[in-house]
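Presented below is the structure to which this report refers.
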Amino acid sequence: MKPPAGPEEARLPASDIRAFASSCTMHGLGHVFGPGAPPARRGLWAAAVLLALATFLYQVAGRVHYYGEFHHETALEERESRRLTFPAVTLCNVNPLRRSRLTPNDLHWAGPALLGLEPAEHAAYLRALGRPPAPPGFMPSPTFDVARLYARAGHALEDMLLDCRYRGWPCGPENFTTIFTRMGQCYTFNSGADGAELLSTPKGGMGNGLEVMLDVQQEEYLPVWRDVEETPFEVGVRVQIHTQEEPPLIDQLGFGAAPGYQTFVSCQKQQLSFLPPPWGDCSSVSLDPDFEPEAPGPLGTPSPGLSPPYSLMGCRLACQSRYVARKCGCRMMHMPGSAPVCSPQQYKDCAHPALDALLRKDACRCPNPCASTRYAKELSMVRMPSRPAARYLARKHNRSEAYIAENVLVLDIFFEALNYETVEQKKAYEMSELLGDIGGQMGLFIGASLLTILEILDYLCEVFWDRVLGRRFWNRKRPQRPSSANLLQEGLGSHRTQVPHLGPGPRPPTPCSAVAKTLSASHRTCYLVTRL
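Following this line, the structure appears as structure tokens:
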């Protein structure tokens with residue numbers, strides 16, 4: 002016969018560290034806490050596990066620190082396109098006002114501020130202009146508008162534009178939009194203003210862009226009376242190529258085209274993409290020129306509100322408008338905002354000095370836009386016109402050959418090719434890469450994974466439940482155990498009632514020969530064994 006089995010060995014509770022180590026997927030714990038191993042071996046395994054864990058934590062700390070530095074990298078890529086939107090082209094004559102349109106009233110109001118004239122010099126200046134002096138009893142107007150002066154006396158595009166073609170098709174002044182800059186009244190081709198459809202080109206090279214012939218009208222240039230800041234010494238036009246969303250800053254970013262030359266401008270489109278903080282410093286919030294924060298702060302701080310898309314030039318103009326409006330109580334005519342336009346005297350006494358001081362201090366902190374487009378340019382030029390062409394143009398426009406040579410220029414703007422460059426800032430270290438590195442280090446040094454972390458959390462919950470919550474719950478809900486004496490008495494009584502007398506005589510007393518009592522490990526089951 003098979004010998005009877007002994008009592009079962011009590012199972013280890015789930016909160017026991019030995020039970021957790023024997024089932025955990027983290028390498029080495031079973032050798033440290035497993036039963037039956039010599040202490041020396043368990044100590045060596047414990048040292049190895051601690052060393053691997055320390056190395057893992059060191060590597061993780063280095064990766065997290067590198068991620069917290071928010072590095073970025075710049076990627077340059079060249080792409081092709083079937084069709085490109087043609088940029089906006091702004092033209093300004095370097096001479097702001099035509100001499101034939103100035104009046105004694107203009108000299109009275111704008112002469113000291115814009116031309117550097119003293120009142121006693123007005124008569125001599127009018128003679129230099131070829132104009133009669135002011136009549137006796139002349140009375141200036143009670144008010145004066147600088148913007149109206151430039152609109153009336155500035156060079157008219159109808160007089161300057163001799164010929165215009167876009168991709169071989171004729172164009173005219175109706176394809177240009179009037180805009181005011183610091184150089185006066187200027188004109189923008191393909192501005193997209195008032196919902197106009199933007200022009201595009203399916204080809205690159207000469208003949209597939211804008212070609213204009215301009216008359217700079219040197220006979221209308223103002224005489225140089227004295228050297229002041231706004232006095233132009235050159236002749237020709239200023240040109241700026243920009244996007245439709247970006248206002249021109251032609252006095253700082255424009256290039257020149259001189260009469261007597263045909264200037265070729267080969268463009269290449271570049272799309273720039275920058276990262277916002279903390280990886281970069283770009284912004285996409287426009288600056289409101291009329292918004293003034295309650296507390297003084299950086300002039301370039303973006304402000305909420307409905308405004309055009311953010312651009313670097315728009316931010317600079319809005320910043321300058323804020324500064325001049327705060328210092329002088331007005332704005333210059335080319336600045337955005339709702340402040341009134343400065344008078345000529347305010348131009349001279351406050352606006353010009355304040356703007357120059359702002360530009361010298363470079364106080365406008367305008368970050369790069371998160372997405373922008375710019376155009377790289379290559380310029381070349383040839384002399385024009387040739388002698389046969391000069392005679393032909395003189396007959397066509399009823400001018401002399403000398404006038405054509407001194408006043409006429411040709412500007413040819415086109416795309417070099419339909420491919421364009423993208424310059425994009427990218428995060429050098431993404432969150433997915435950080436998690437991948439942590440997972441790789443975890444698997445290499447301690448042989449663990451994400452599920453191992455869940456196992457550890459589950460074990461901690463078991464410990465908390467068994468050691469804290471379980472003990473309190475058991476002390477409150479456990480019933481009162483019966484005493485051993487009562488168990489013995491009940492056992493004997495039931496034995497007497499259940500064993501009948503089978504003999505013919507009276508039933509003899511039945512003494513107990515032995516009583517054994519056994520309590521289980523759970524203290525909830527009692528066994529009473531009685532042998533008659």
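My numbering applies: residue 2 is where the sequence shown begins, and numbers increase by one.
Just so it is clear, CB atoms sit at the ideal spot from N, CA and C, and this is done for glycine as well.
Distance CB(Pro290)-CB(Gly330) smaller than 9 Å: Contact: no.
Report the rounded CA-to-CA distance for Ala20 versus Val61, giving the unit in angstroms. 29 Å
Under a CB-based cut-off of 9 Å, is Gly281 close to chain B? Included in the structure is just one protein chain, with no chain B present.
Counted within 10 angstroms of its Cβ, other Cβ atoms place Gln499 as buried (16 or more) or exposed: In this prediction, Gln499 has a pLDDT of 46, which is less than 50 and means its spatial position is unreliable; nothing more can be read from the coordinates.
In the DSSP output, which residue or residues are listed as bridge partners for Tyr376? Per DSSP, the beta-bridge partners of Tyr376 are Lys270.
Pick from Glu422, His73, Ala89 and Leu470 that is closest to Leu250, judged by C-alpha positions: Ala89
Whole-number beta carbon distance between Val409 and Pro233, since they are thought to touch under 8 Å: The beta-carbon separation of Pro233 and Val409, rounded to 19 Å, does not stay under the 8 Å limit for a contact.
For the candidate residues Thr453, Phe415, Ala76 and Asp459, whose alpha-carbon lies nearest to that of Gln272? Ala76
Do you know offhand how far Thr86's Cα is from Ala148's? 32 Å
Could you round the C-beta distance between Ala41 and Gly31 to whole angstroms and report it? I think they count as a contact, below 8 Å. With 8 Å as the limit, Ala41 and Gly31 do not qualify as a contact, their Cβ atoms being about 17 Å apart.
Just mark Phe190 as buried or exposed, buried being the case when its beta carbon has 16 or more other beta carbons within 10 Å. buried
If we count Cβ pairs, one from each stretch, closer than 8 Å, do we get three or more for the region 343 to 350 versus the region 110 to 120? yes
Nearest-angstrom Cβ-Cβ length linking His73 and Lys427, presumed shorter than 8 Å: 6 Å
Leaving out the 5 sequence neighbours to the left and right, which residues in its chain are closer than 7 Å to Arg64 when beta-carbon positions are compared? If we look at Arg64 and ignore the five residues flanking it on each side, its Cβ neighbours are Leu435, Asp438 and Ile439.
Taking the beta strand (DSSP E) that Ile180 falls in, what are its first and last residues? Phe177 to Thr182
Assuming Met214 is part of the alpha helix (DSSP H), what are its boundary residues? Unbroken run through Met214 is the beta strand (DSSP E), Leu211 to Asp216; no alpha helix (DSSP H).
His397, buried or exposed, once every other Cβ within 10 Å from all chains shown has been counted against 16: Sequence check: residue 397 is Lys here, not His. Per the 10 Å Cβ criterion, exposed.
In this structure, how does DSSP classify Asn191 when only helix, strand and coil are distinguished? coil
How far does the beta strand (DSSP E) with Lys362 in it extend, from its first residue to its last? Note, Lys362: premise wrong, no beta strand (DSSP E); alpha helix (DSSP H) at His353 to Lys362.
Euclidean distance between Cα positions of Val236 and Ser285: 38 Å
Three-state secondary structure (DSSP) of Gln442: helix
Is DSSP giving Thr56 helix, strand or coil here? Here Thr56 sits in helix by DSSP.
Under the three-state reduction of DSSP, which class applies to Glu78: helix, strand or coil? strand
Quick one: is Met207 buried, meaning 16 or more other Cβ sit within 10 Å of its Cβ, or exposed? exposed
Between which residues of its own chain and Val33 is the CB-CB distance below 7 Å, once the five residues before and five after are set aside? Ala22, Arg43, Trp46, Ala47 and Val50
C-alpha gap between Pro333 and Gln241, whole angstroms: It is worth fixing the name first, because residue 333 is Met in this sequence and not Pro. C-alpha separation (whole angstroms): 20 Å.
Report the start-end ranges of each alpha helix (DSSP H) in the region 65 to 120 that is 4 residues or longer and not cut off at the edges. 105 to 111
Does the distance from the C-beta atom of Arg80 to that of Glu422 stay below 9 Å? yes
Report the CB separation of Ser412 from Val217 in whole angstroms; it is logged as a contact under 8 Å. Residue identity check: residue 412 is Leu in the sequence provided, not Ser. With a Cβ gap of about 11 Å, Leu412 and Val217 do not count as contacting.
Can you give the Cα-Cα distance for Ala390 and Leu130, rounded to whole angstroms? 32 Å
Can you find the residues in the same chain that come closer than 8 Å, C-beta to C-beta, to Tyr151, ignoring five residues on each side of it along the sequence? Pro97, Leu98, Phe181, Gly185, Gln186 and Met334
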